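Take a look at the structure set out below.
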Amino acid sequence: MTYESVKGMRDILPDEIAYWTKLEAAIRDIARRFGYSEIRPPIVEHTELFSRGIGEATDVVNKEMYTFPDKKGRSLTLRPEATASVVRSYVEHGMATQDPFQKLFYIGPMFRYEKPQKGRSRQFHQYGVEAIGSLDPALDVEVIAVAWSLMHALGLGGLSLRLNSIGCAGDREHYRDVLRAHFAPNIASMCKDCQRRYDENPLRILDCKERTCRPYINDAPGTSDHLCADCAKHFAAVRAHLDRLGLSYVIDPHLVRGLDYYTRTVFELVSSDLGAQDALLGGGRYDSLVGMLGGPETPGVGFAGGMERLILVLSEKEADLAGSRIDLFLAALGEEGWDIAIGLMNELRRTGLSVDVDYRRRSLRKQLALANKLGARHLIVLGDEEATKKRARIKEMDSGEERDIELDAAAIAAAV
Ligand code: HAM
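The following block contains the structure:
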């Protein structure tokens, strides 16, 4: 009997790990530059955190959560996203009262029971930032600048930032009525989900991907015509800051995002290399979430991006990133050569070099093939003659140049 990984959840294998480490390093570097500290909340939370935080009417809560009872019958859920967890942590650890302005980032696995397809899986990884404790529109723009800086550091072009404001709770109440009035004549021809959304929260209709529903959605009124004076002012300030920083964006009056906690600014970064509906990252303001999760009324703004999607785009651009290279491969022939190789390898590894041998002790041809596979920058062949003379040839693999060298760790380390 053999086993397969669970549908929609896959192994990240050694030959792709270079993308992951490169991406993680870039995220950590940007976070450091912008002053965000890492937080690592647990993967399992009480279900209620998400049903309250993200919203009962959302697809994430309604259809996509991995929810199960623990041995005492408490309902637990594998986190589908991390904003609710970060806010729970912010409130639970008293940050809300002791040090209310916090800039945090995270990297980790999330779980959503979605239909697996390109760029969409059931276990996926997000990186994200959350800036909690200020209403200033400059902070919305800082968060967007984090996203743009990361894309820039990774050398990614062909991206566009979709931006909108969905206003405050009052604006959304009003906008819901506007949407209901718009959809009312056609709701009977729309999909079952939209009919449910019409009653529960018509904003969610705007996210519907069904072909039958799209025409009614395309001519729906946008949110930005229905903002109160304060929210309109905030949105204008966000746009002005973006213009000042030269960060480009496209206003999308139908962008509402699929989670209920958003207020005011919402945005998504889309890549022309991914399918039309798949965002590389998404985020926005959530000025009521801290209060809703039991903390003092505190505003927040953040975003999260999918690592798999980013790697998909990166891998299409940079085919050569896949493997890392070792500094030196020691090919050994005969017993004496093998003993010297093992001794030198261990000494050289202590100096910080990456060195390898063929533990299967195969033919020279196969050892050289392994050296190539490992991307060895240098090669030394150790046989009886080298053992006797205590000297060998070191070959620089890229140039093919060879020279004579003393079989001594310090001499080899200096040559590598
Ligand atoms: P979200 O839009 O649900 O937002 O997810 C953010 C990103 O995670 C998406 O743009 C996408 O790149 C990735 N993603 C989502 N679902 C999947 C999936 N099934 N497979 C692969 N990638 C996926 C949030 O999660 C919010 N917490 C973002 C946020 C942070 N808002 C404020 N702060």
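Using my numbering, read the sequence shown as starting at 217 and increasing by one per residue.
Positions of the beta carbon are idealized from the N, C-alpha and C atoms, including for glycine.
All figures in this text were calculated on a predicted structure; none of them were measured in a lab.
Name, in chain order, the residues that DSSP records as bridge partners for residue 265.
Paired residue(s): none; residue 265 is not in a bridge.
Identify which residue in 600, 422 and 548 has its Cα closest to the Cα of residue 434.
422
Establish whether the CB of residue 590 and some CB of chain C are separated by less than 9 Å.
No chain C appears in the structure shown, which is made up of a single protein chain.
If residue 444 sits next to residue 383, beta carbons under 8 Å apart, how far is it from one beta carbon to the other, in whole angstroms?
7 Å
So does residue 413 have its beta carbon nearer than 8 Å to some heavy atom of the ligand HAM?
no
Kindly give me the distance between the Cβ atoms of residue 375 and residue 485, rounded to whole angstroms, as I take these residues to be in contact under 8 Å.
Confirmed, Cβ separation roughly 6 Å.
For residue 478, is the beta carbon positioned less than 8 Å from some heavy atom of the ligand HAM?
yes
Unbroken beta strand (DSSP E) runs of length 3 or more, entirely within the region 303 to 385: which are they?
318 to 327, 339 to 348 and 375 to 381
Taking 8 Å as the cut-off, is the C-beta of residue 306 nearer than that to any heavy atom in the ligand HAM?
no
Can you give, in chain order, each stretch of the beta strand (DSSP E) that sits fully within the region 579 to 604 and has at least 3 residues?
594 to 598
Quick one: give me the first and last residue of the beta strand (DSSP E) that residue 479 is part of.
479 to 487
Ordered list of beta strand (DSSP E) runs contained in the region 434 to 517, each at least 3 residues:
479 to 487 and 495 to 501
I need the boundaries of the alpha helix (DSSP H) containing residue 218, first residue and last residue.
No alpha helix (DSSP H) contains residue 218, which DSSP labels as neither H nor E.
Residue 456 to residue 631, Cα distance in whole Å?
Distance between the alpha carbons of residue 456 and residue 631: 55 Å.
Looking at the secondary structure, which residues open and close the alpha helix (DSSP H) in which residue 239 lies?
Taken as a continuous stretch (DSSP letters only), the alpha helix (DSSP H) holding residue 239 covers 233 to 250.
So, is residue 568 buried or exposed, given that buried needs 16 or more other C-beta atoms within 10 angstroms?
In the assembly as shown, residue 568 is an exposed residue. Its beta-carbon has fewer than 16 other beta-carbons within 10 Å.
Please report the distance separating the alpha-carbon of residue 377 from that of residue 284.
37 Å
Same chain, Cβ closer than 8 Å to residue 399, neighbours up to 5 away in sequence not counted
Once the five neighbours on either side are set aside, the close Cβ partners of residue 399 are 406, 410, 414, 418, 421, 432 and 436.
Please classify residue 319 as buried or exposed, where buried requires at least 16 neighbouring CB atoms within 10 angstroms.
buried
CB-CB length for residue 226 against residue 259, believed under 8 Å
Not quite, the Cβ-Cβ distance comes to about 17 Å (not below 8 Å), so this is no contact.
Segment contact flag, the region 338 to 356 with the region 446 to 461, C-beta cutoff 8 Å, min 3 pairs
yes
Counting along the chain, where does the alpha helix (DSSP H) carrying residue 294 start and finish?
First-last for residue 294: 291 to 294, but that is the beta strand (DSSP E), not the alpha helix (DSSP H).
Closest to residue 257 by C-alpha separation, out of 297, 289 and 268, would be which residue?
The shortest Cα separation from residue 257 among 297, 289 and 268 belongs to 297.
For residue 221, collect the residues of the same chain with a Cβ closer than 7 Å to its Cβ; drop the 5 residues on either side in sequence, then sort them by chain order.
227
Segment limits, beta strand (DSSP E) that includes residue 614
From DSSP, residue 614 is part of no beta strand (DSSP E); its letter is neither H nor E.
Which residue's Cα is closest to the Cα of residue 495: 588, 315 and 336?
336
Where do the N-terminal and C-terminal ends of the alpha helix (DSSP H) with residue 560 fall, by residue?
550 to 566
Which word fits residue 467, buried or exposed, when buried means at least 16 other C-beta atoms lie within 10 angstroms of its C-beta?
exposed
Measure the C-alpha to C-alpha separation of residue 311 and residue 501 and round it to an integer number of angstroms.
19 Å
Straight-line Cα distance separating residue 506 from residue 450
20 Å
State the DSSP-derived secondary structure class of residue 286, mapped to helix, strand or coil.
coil
Using only the alpha-carbon positions, how far apart do residue 517 and residue 346 sit?
Cα to Cα, the separation comes out at about 6 Å.
Can you tell which of 580, 265, 627 and 289 has its C-alpha closest to the C-alpha of residue 301?
Considering only alpha carbons, the answer is 265.
Going straight from the alpha carbon of residue 428 to that of residue 408, what length do you get?
11 Å
Hey, could you find the ends of the alpha helix (DSSP H) residue 526 is sitting in?
Where residue 526 is concerned, the enclosing alpha helix (DSSP H) stretches over 523 to 533.
Could you check whether the Cβ of residue 311 sits closer than 8 Å to any heavy atom belonging to the ligand HAM?
No - the ligand HAM has no heavy atom lying nearer than 8 Å to the Cβ of residue 311.
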